[in-house]
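Heads up: the sequence shown runs through residues 0 to 136, numbered per numbering that gives the first Met the number 0.
Take a look at the structure set out below.
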Amino acid sequence: MIKFRPNHFMCTLAFRGYGYSQGFVENYKKIASKVISDPNTQIEVVGNLDSICSACPNQTKQGKCTTQAKVLELDRRHIGILGIKIGETLTWNEAVKKIREKMSLKKFDYACEGCNWQPYGICKNALLNLQRQLTKC
Numbered sequence: 000m001i002k003f004r005p006n007h008f009m010c011t012l013a014f015r016g017y018g019y020s021q022g023f024v025e026n027y028k029k030i031a032s033k034v035i036s037d038p039n040t041q042i043e044v045v046g047n048l049d050s051i052c053s054a055c056p057n058q059t060k061q062g063k064c065t066t067q068a069k070v071l072e073l074d075r076r077h078i079g080i081l082g083i084k085i086g087e088t089l090t091w092n093e094a095v096k097k098i099r100e101k102m103s104l105k106k107f108d109y110a111c112e113g114c115n116w117q118p119y120g121i122c123k124n125a126l127l128n129l130q131r132q133l134t135k136c
């Protein structure tokens, strides 16, 4: 089963093939392709290194992120906004629905504050696109 930290649901929605290393990007492409091509894929919410982190060069031998405090704070914010719990299992469809219904632009700015990728605007654009899809329905 695929495992996601809470903040990686938003990251996956926005993933465009950029990352910390070639190995990280290759791994993330496989995961993102899987959940997008099969939106009923089951994803377990975890509070530590997940399927995406498995190829990240920023993990320690002790199984933690080199920016552990920051990542835990990002996770905490996403848990609060999306209403998800560690240990919960949900599908990609369910995760996208939660993002669409609960992640406003203001909440996004708070949830992702401090993330290295936030200044690039990729994630905010992905959220705007998701919200536009809702208004077209």
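Note that the Cβ used here is the ideal one computed from N, Cα and C, for glycine as well.
A contact is defined here as three or more CB-CB pairs under 8 Å, and the stretch 15 to 33 meets this definition with respect to the stretch 55 to 64. Non-local beta-carbon contacts of residue 81 in its own chain, meaning distances under 6 Å to residues more than five positions away in sequence, involve 97, 101 in chain order.
Looking from the CA of residue 70, the closest CA among 35, 89, 116 belongs to 116. When secondary structure is reduced to three states using DSSP, residue 130 falls in the helix class. When C-beta atoms of the stretch 103 to 120 are compared with those of the stretch 39 to 49, fewer than three pairs fall below 8 Å, so the two segments do not count as touching. Within a 10 Å sphere around the beta-carbon of residue 31 sit 16 or more other beta-carbons, which makes this residue buried. Straight-line spacing of the CA atoms in residue 2 and residue 132 works out to 26 Å. In the three-state DSSP reduction, residue 88 falls in the strand class (E or B). DSSP places residue 28 in the helix class (H, G or I) of the three-state scheme. Around the beta-carbon of residue 5, 16 or more other beta-carbon atoms lie within 10 Å, marking it buried.
For residue 58, the pairing in a beta bridge is given by DSSP as 64.
If you draw a 10 Å sphere on the C-beta of residue 12, you find 16 or more other C-beta atoms in it, and that means buried.
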